[in-house]
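S.K.: My structure is below; once you've seen it, I'll send some questions.
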Amino acid sequence: MRYPGALQFALGLSCALLLALGPRPAAAHGATIGARVQFDPHPAQPESRVRLVVDLFDAYDNPVDGEEVRALLARGSRAHGRPVALARVGEGRYAGEIGLGEAGDWTLWLDARALGTRWRGKVDFTVEEGATPPPGQAALEHVETTGPGLWIGVASTVGLVIGAAAVWWGLRQGGGDRPGEG
Numbered sequence: 000m001r002y003p004g005a006l007q008f009a010l011g012l013s014c015a016l017l018l019a020l021g022p023r024p025a026a027a028h029g030a031t032i033g034a035r036v037q038f039d040p041h042p043a044q045p046e047s048r049v050r051l052v053v054d055l056f057d058a059y060d061n062p063v064d065g066e067e068v069r070a071l072l073a074r075g076s077r078a079h080g081r082p083v084a085l086a087r088v089g090e091g092r093y094a095g096e097i098g099l100g101e102a103g104d105w106t107l108w109l110d111a112r113a114l115g116t117r118w119r120g121k122v123d124f125t126v127e128e129g130a131t132p133p134p135g136q137a138a139l140e141h142v143e144t145t146g147p148g149l150w151i152g153v154a155s156t157v158g159l160v161i162g163a164a165a166v167w168w169g170l171r172q173g174g175g176d177r178p179g180e181g
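The sequence shown begins at 0 in numbering that gives the first Met the number 0 and counts up one residue at a time.
Shown next as structure tokens:
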């Protein structure tokens, strides 16, 4: 063979390129994602219902589409409150209606899942008499990775190791042979 190890080198290089250029989920597993929260209409009255819009985004401001986004509205910073039904209304955008109850401090707890990765966070806001809360923003921290997200990560790692080993083996097989020698 003129170039020993060329096949292994090509296989390893192909695996590495496929991993580097292949599709990625919107947010890297383990990363923090962001949430922008807006309230509509302006102004809202306490004890009225307002539309809540939540936009999820990654570090590059790309939308993060979740399989499930849940919200819990609580008075103050309590961890218990009433659930808010959020429906997907666009790429990375979820909306629902909430009753603000009364003026004062509120916390919106968010829980998002996408590709087996789960994030949690909260947005604190204040409802004043005759005013809609200003838009808020929060960082949702990584909680866990299970299911498909975990297996995608494992498969990527295994593929990278196999690709690197094939490149190494291909280079070793070529070990010093030059074209024209023989």
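Ideal Cβ positions, reconstructed from N, Cα and C, are used throughout, including at glycine.
#1: Which residue's Cα is closest to the Cα of Ala-86: Val-126, Leu-55 and His-141?
#2: Less than 8 angstroms between the CB atoms is what I'm expecting for Ala-34 and Gln-136, so what's the real figure, rounded?
#3: Straight-line CA distance for Tyr-118 to Val-157?
#4: Give me the residue from Gln-37, Leu-51 and Lys-121 with the minimum Cα distance to Thr-31.
#5: Relative to the ligand FMN, is the shortest distance from any of its heavy atoms to the C-beta of Val-142 smaller than 8 angstroms?
#6: If you pair each beta-carbon of the segment 55-65 with each one of the segment 95-112, do three or more pairs fall below 8 angstroms?
#7: By the three-class DSSP mapping on this structure, what secondary structure does Gly-182 have?
#8: Cα-Cα, which of Trp-168, Val-160, His-141 and Phe-124 is closest to Asp-57?
#9: CB Val-83 to CB Ala-102, shorter than 9 angstroms?
#10: With burial defined as no fewer than 16 other Cβ atoms inside 10 Å of the residue's Cβ, what is the status of Ala-165: buried or exposed?
#11: Expressed to the nearest angstrom, what Euclidean distance is found between the alpha-carbon atoms of Gly-98 and Arg-77?
#12: Among the residues of its own chain, which have a CB less than 6 angstroms from the CB of Asp-104, if the five just before and after it don't count?
#13: Measuring straight from C-alpha to C-alpha, what distance separates Ala-163 and Gln-172?
#14: In three-state terms, what does DSSP make of Val-83?
#15: Hey, how far is the Cα of Glu-90 from the Cα of Trp-168?
#16: Are the CB atoms of Val-52 and Arg-92 within a distance shorter than 9 angstroms?
#17: Considering just the uninterrupted stretch of the beta strand (DSSP E) at Gly-98, what are its terminal residues?
M.R.: On the basis of the supplied data:
#1: Leu-55
#2: 7 angstroms
#3: Going by the sequence as given, residue 118 is Trp instead of Tyr. Cα to Cα, the separation comes out at about 25 angstroms.
#4: Lys-121
#5: In terms of ligand content, the structure shown is empty, and the ligand FMN therefore cannot be addressed.
#6: yes
#7: What is shown of the chain runs 0 to 181, which leaves residue 182 out entirely.
#8: The alpha carbon of Asp-57 has as its nearest neighbour, out of Trp-168, Val-160, His-141 and Phe-124, the alpha carbon of His-141.
#9: no
#10: buried
#11: 17 angstroms
#12: Gly-75 and Thr-125
#13: 14 angstroms
#14: strand
#15: 44 angstroms
#16: Cβ distance < 9 angstroms, so Arg-92 and Val-52 count as in contact.
#17: 92-98
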